[in-house]
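Protein chains in written order, with our numbering: chain A, 459 to 829; chain B, 459 to 829; chain C, 459 to 829; chain D, 459 to 829.
As structure tokens, the structure follows; a few thoughts come after it.
Number of protein chains: 4
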Amino acid sequence: MKKLNVAMIGHRFMGKAHSNAWRQVGRFFETPSEPVLKVVCGRDRQEVERAARQLGWEESSTSWQETVARADIDVVDICTPGDTHADIAVAAARAGKHVLCEKPLANTVAEAERMLAAVTAAGVVHMVCHNYRRVPAVALAKRLIEEGRLGRLYHFRGLYLQDWIVDPQFPRVWRLEKAKAGSGALGDIASHSIDLARYLVGEITEVAGHLQTFIKERPLRPGSGELAPVDVDDAALSLLKFEGGVVGTVEATRFALGRRNHNSFEVNGSKGSLAFNLERMNELELYIEEGPDSGFRTVQVTDARHPYMQGWWPPGHIIGYEHTFTHTVLDFMLAIDEGRIPSPSFEDGVKNQKVLDAVERAASSRSWERV
Amino acid sequence: MKKLNVAMIGHRFMGKAHSNAWRQVGRFFETPSEPVLKVVCGRDRQEVERAARQLGWEESSTSWQETVARADIDVVDICTPGDTHADIAVAAARAGKHVLCEKPLANTVAEAERMLAAVTAAGVVHMVCHNYRRVPAVALAKRLIEEGRLGRLYHFRGLYLQDWIVDPQFPRVWRLEKAKAGSGALGDIASHSIDLARYLVGEITEVAGHLQTFIKERPLRPGSGELAPVDVDDAALSLLKFEGGVVGTVEATRFALGRRNHNSFEVNGSKGSLAFNLERMNELELYIEEGPDSGFRTVQVTDARHPYMQGWWPPGHIIGYEHTFTHTVLDFMLAIDEGRIPSPSFEDGVKNQKVLDAVERAASSRSWERV
Amino acid sequence: MKKLNVAMIGHRFMGKAHSNAWRQVGRFFETPSEPVLKVVCGRDRQEVERAARQLGWEESSTSWQETVARADIDVVDICTPGDTHADIAVAAARAGKHVLCEKPLANTVAEAERMLAAVTAAGVVHMVCHNYRRVPAVALAKRLIEEGRLGRLYHFRGLYLQDWIVDPQFPRVWRLEKAKAGSGALGDIASHSIDLARYLVGEITEVAGHLQTFIKERPLRPGSGELAPVDVDDAALSLLKFEGGVVGTVEATRFALGRRNHNSFEVNGSKGSLAFNLERMNELELYIEEGPDSGFRTVQVTDARHPYMQGWWPPGHIIGYEHTFTHTVLDFMLAIDEGRIPSPSFEDGVKNQKVLDAVERAASSRSWERV
Amino acid sequence: MKKLNVAMIGHRFMGKAHSNAWRQVGRFFETPSEPVLKVVCGRDRQEVERAARQLGWEESSTSWQETVARADIDVVDICTPGDTHADIAVAAARAGKHVLCEKPLANTVAEAERMLAAVTAAGVVHMVCHNYRRVPAVALAKRLIEEGRLGRLYHFRGLYLQDWIVDPQFPRVWRLEKAKAGSGALGDIASHSIDLARYLVGEITEVAGHLQTFIKERPLRPGSGELAPVDVDDAALSLLKFEGGVVGTVEATRFALGRRNHNSFEVNGSKGSLAFNLERMNELELYIEEGPDSGFRTVQVTDARHPYMQGWWPPGHIIGYEHTFTHTVLDFMLAIDEGRIPSPSFEDGVKNQKVLDAVERAASSRSWERV
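Listed below in structure tokens is the structure:
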């Protein structure tokens, strides 16, 4: 089988998840090529070497510029903070590499558009890693909507609730720094909800919004007395209008105690409704109107006939978080093989960024803003 | 025991619930007086006579004007559509009657203020029937928040989802007519969520909003070919800012298939969270941060030590919808006995109306509006 | 409307629930007659007078013998502990009264048979108050099974879990005394599960069983140092074989902390399954096999087309524990009017008692026993 | 790092799960050695070669006898049907290999004892793969019980419900053949519940039981008109007595429509309760008695401080079925390194088998049987 040589830039949380996906995909699915974990790239030599060993990469490097230029590399997989996405992706595209990039695609619309222009010009395959589209239950939701099982859509209701920074003593990490992360809950997690909204319902045309920072200063390091400002949002709230008359809400916060990773949504249509929560990601709540004995049913999305599940286990044997990356990598490989652009592409990344941008503008202008 | 003579104006859905409350309150609670279901009032003689028999009223009348003026009446209980509240309440107050009024207090802020002025001038006891404050689980939520169990509050998230008019053939009833109902989902059900938000969190200072009518014409009567315009909102969405930095959302819709009466909310604070859903109104979901083994716990609010539950059954034996009216009537009677104004008063009704009004203004101006 | 004069014997927990049912039934349902709460009977004059006032009875009496013999009484409603059921019921039947009797029908099979013989000989209408048959969700379960929606039945799984005596300092009340209560969890709550099993599935032919008493001595009174033996079971476990090849389990305990009133069951058939829990009594979990997107659906049994619900509130507005007694009384009144024996009759009471007896014999013989 | 050379016998469902565990363990956990997937063994050359490629084994073999005798093999991992466990395990032990064996350990007590004798005599490390002990939520349950958080234990209630053979046209596969599988639901899934009961509560001393076969003949092959007898149980029901006065039930069935892989249990003690369901394996339901505001809390067992979770993802990011095998393999490797016998050992396998045997005897004798 032909090889697909991968270079991964960044090796922390997302790097661990992506590495696993590249290692596992061929064990559970028929892939058009064999992925080779060629080289992982990071700034600190010792750490990147340790990561290479731990995560299963053949080589390590401290220069992403050299790495993306290597002749033997087919794919560049970007797992770094958002402020570096654009430069790496553009260079990779110019070097003729297919590019998989973590979300949000960039920290600004301008950067995202520059990235889209570069991959388009280069004719390479590109994909943004909104992995939650490839939760089997979410893919099933998409299928049911496309089949018309919900009828005409009326409502989208998205929540992404976390609680990891409720403690005011939690330090000011890079995700709380605008220069690195671009924004807070908005870009980190609302971007997922917005991607799901676009995926399931369609394009967003107008938004109202509010951004809130509850804790304005935090220790620079754990336990440190030195404080640093938090210049991103702790919570992002928005109202949405979609093409075609659907209305929606998206709320994202890191201040909802007890909600560890509550990425949930509900869609209501004229014939049915569905609801999902990532904390129970193997389940889809489905309501089909059939008279008084109807009710939300808990579909265990673990059957071989459900999206992606033919690769895994018998019904009722659940999969976990990292499997969504395996599905993403699988579809990225299939797209490369078939020479087409998968979804969500960098174009989706740009559109997502435009919604985030509109929310920021609306939060500032105190008015509805067009996307 | 001294008697408390009640006159009830209106006798349909709310009239049935209020009548039950007046009949039952003394059977399950120690009341300061004995309520007498003296007279029920309605426009159609035959129907109001039938209602009197069915619901247990001594007499019936077709004139609310005469009724509220009767010397032997102590309390006027208003269960009519919103467009008639003001006239009845003002007349009742001028006649020196204590007034219990269904929600929303009125169809406009001006009407509501006129009502408040009248009861204040007359020195009578007044209460608006936001009965959901007196769900034991909601009263427990209030107690926990007041005790500081949730710490500093950050988020309120209110949903009131119903599905009774999703069918476009459902007729244009009075609740879909602006002249009678004032507004649609906004005044009918969002008003409950806003009342709960104010009760649990505090005053709302600013709102953004959107009102949507999905089905713009409906049959004038069931099965009729004649269509009538729907001039109220099918769905009302809002973002809220509260005094003290809490942020919130309230969404109300009659287009969420499968959600029969999903009046739910969640509050997140620095030490804990709580969540409630009227469809499981005997339960409160409570999260108290105590480390990794914490989790949302389902409190069965059925213990004699829980609010109002000493009157009913042993733990685990649940109560239903109509009990909330019994608790409301109980507290109204206690307030009359003690000569104080209960909560929510007409002042709360005015404040609620001002929030509804701000949402309407914001929906129209496409900007945040001060309450 | 013709009157139906009721005498109620006993006035504590069950008396409160039955009184409410007699008062409420005519307010929410069309009844063939008007129930009159004529006389309540108890041993202590002061307490029974207080009960009469509180619960709405015209008169009180301290002699059940005189009461059941009164010419103006149509119905005797027995709400006393089990050791007194037989004498009261037999006397009432001989006096020509219709008899409604709390469960379990008696403390022994012999007593139950004597009662059945008496009501049969007298030709009066008789009913045992297994009120949970008349939870709307349970009646819906019955309807679905009878319609064949579950296909051939395979399994019944009944649990009745409570936790009110886990504390060893909880006193030795009458329910823990064999002479009064007959048995412990077995007769008090397993009897409900067994009634539901018989109602939904059919007759039980053979049982294996185990009875366990965890706390063998308790304070005679709250806080008392004087101990009294507990000579009934704290927990009753059984395996069941039904006619027609269905197999089942019933477990009842008062030692399941956190389970306040967890009367739950599940039925599995060749086409579907259903599950119920009294703590969420307005819901029925229904599974109909329709391929991989099937799932247990939560039916909110609150629609006017659901059993008994046409009397109450709109969809999503739940009812509570005491409503099951109202439904029982309604059906009892209809049966009297139509001159037929309702279900569950004293014959059901005898059959239930025979199952309880078989479990006791099996627990003692350490072998399966025929019912 | 030193190598640990593994030979795996069998390569279907369990072989896929075990292979994944051996491949993944070193990527997520610090292991004392590096597992090498040396050789996989199967009866059909073509299939085992394909399996080796797919699952990542260096070599394949069609002779387990030769394989277990190879000098370069350290560990034999047995993933075959139950009727072959004993011969393979005994040979492996005699060859000085550490042995990991799928459950149930054997098809009879005699076989299991022969296996235990062999590994003990050989002084090799042995473990039976009851992987559900290593669900983090189950390991947390164990920790909480050991810490005394539940107090004195009273009840264990285990269910293992599946539905994969409800269709009578489902063919008579090897799991429905007594000669190969030993028993049906009893050995396949009740054995898991019994292992969890022993793990969490203690030794079982006496049982009552019932075995039921609902569909007595099935197609020999899918769609075949030729029928073959089903000589194992479709459902196994039991009552249990434990050392120390705990009572329990275990029910296992493959005829519970809608229950895909419902391996659930509940434990009740004097201070608290806990409940678990494998279909939501990242959650533990925990009740701690703290007064009326207590309730079952849903602990998301996804925190780094929870058992095994430090290896995986941030809180709220769930793991799946196969991870339990990774944890099992990790603990097996640690035991080998430290020269101690892990739990559950072959001794546990023997004890488990004795309980299964007692249930079979009790089902046959219609009496309680000592284990």
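Built from N, CA and C at the ideal position, the CB exists for glycine as well.
Item, Value
"Can you pull the chain C residues whose beta carbon is under 7 Å from the beta carbon of A:Phe734, in chain order?", "Per Cβ cutoff of 7 Å: no residues; A:Phe734 is ~13 Å from chain C at best."
"Is the shortest distance between the beta-carbon of D:Ser696 and the beta-carbons of chain C less than 9 Å?", "yes"
"Once DSSP output is grouped into helix, strand and coil, what is the label at D:Ala710?", "strand"
"Residues of chain D with a CB under 8 Å from the CB of C:Ser752: which are they?", "Gly716"
"Rounded to whole angstroms, what's the CA-CA distance from A:Ser728 to C:Phe614? Just pull it up for me.", "37 Å"
"When you check each C-beta in the segment 762-792 of chain D against every C-beta of chain A, which residues fall closer than 9 Å?", "Trp770, Trp771, Pro772, Pro773, Gly774, His775, Ile776, Ile777, Gly778, Tyr779, Glu780 and His781"
"Check whether the Cβ atoms of D:Ser752 and D:Ala694 lie closer than 9 Å to each other.", "no"
"Would C:Leu513 pass as an interface residue toward chain D - the criterion being a Cβ-Cβ separation below 9 Å?", "no"
"Is there at least one Cβ from chain D nearer than 9 Å to C:Val624's Cβ?", "yes"
"Tell me, please, whether the segment 603-622 of chain B touches the segment 705-718 of chain B by the rule of three or more beta-carbon pairs shorter than 8 Å.", "yes"
"Three or more beta-carbon pairs under 8 Å between the segment 788-800 of chain D and the segment 771-785 of chain B, yes or no?", "no"
"Taking only beta-carbon positions, decide if D:Met739 is within less than 9 Å of chain A.", "yes"
"Does the Cβ-Cβ distance between D:Lys674 and D:Pro687 come in under 9 Å?", "yes"
"Output, in chain order, the set of chain C residues within a Cβ distance shorter than 9 Å of A:Ser725.", "The sequence shown places Val at residue 725 of chain A, not Ser. None at all; the shortest Cβ gap to chain C is about 16 Å."
"Is the beta carbon of C:Thr489 closer than 9 Å to that of C:Arg501?", "no"
"Is the segment 468-475 of chain B close to the segment 507-524 of chain B, with three or more CB pairs under 8 Å?", "yes"
"Could you tell me which of D:Arg610, D:Asn735 and D:Leu685 sits nearest to D:Gly702, measuring between CA atoms?", "D:Arg610"
"With C-beta atoms as the reference, is A:Cys434 less than 9 Å away from A:Ala465?", "Residue 434 of chain A cannot be examined here, being either before or after the span of chain A that is shown, 459 to 829."
"What are the residues that DSSP puts in a beta bridge with B:Asn726?", "B:His613 and B:Ser731"
"Taking just the CA atoms, how far does D:Arg656 sit from C:Ile799?", "50 Å"
"Run through DSSP, which three-state label would C:Lys474 get?", "helix"
"Taking buried to mean at least 16 other C-beta atoms within 10 Å of its own C-beta, is B:Lys460 buried or exposed?", "exposed"
"Classify B:Met739 as helix, strand or coil using the three-state DSSP reduction.", "coil"
"The alpha helix (DSSP H) with B:Glu505 in it runs from where to where?", "Arg503 to Leu513"
"Quick check: the Cα distance between B:Ala568 and B:Glu805, rounded to an integer number of angstroms?", "13 Å"
"Does any CB atom of chain B fall closer than 9 Å to the CB of D:Leu742?", "yes"
"Helix, strand or coil for D:Thr760? Go by DSSP, reduced to three states.", "coil"
"Should B:Arg481 be labelled buried (16 or more other beta-carbon atoms within 10 Å of its own) or exposed?", "buried"
"Between which two residues does the beta strand (DSSP E) holding D:Val838 run?", "Nothing can be reported for residue 838 of chain D: it is not among the residues displayed for chain D, which extend from 459 to 829."
"Would you say B:Gly609 lies against chain D (beta-carbon separation less than 9 Å)?", "no"
"Tell me which same chain residues have a C-beta within less than 6 Å of the C-beta of D:Leu744, skipping the five on either side of it?", "Leu732, Arg755 and Val757"
"Taking 8 Å as the limit between beta carbons, can you name the residues of its chain near C:Leu598, skipping five residues before and five after?", "Leu742, Val757, Val759, His764 and Pro765"
"Who are the Cβ neighbours of B:Tyr590 in its own chain at under 8 Å, not counting the five residues just before and after it?", "Val596, His650, Asp653, Leu654, Asn721, Leu736 and Thr782"
"Where does the unbroken alpha helix (DSSP H) through A:His668 begin, and where does it stop?", "Where A:His668 is concerned, there is no enclosing alpha helix (DSSP H), although the beta strand (DSSP E) it sits in stretches over Ile662 to Gln670."
"Quick one: which unbroken beta strand (DSSP E) runs of 3-plus residues sit fully inside the segment 760-819 of chain D? Chain order, please.", "none"
"Out of A:Val813, A:His469, A:Ala821 and A:Gly730, point me to the one whose CA is closest to A:Gly606's CA.", "A:Gly730"
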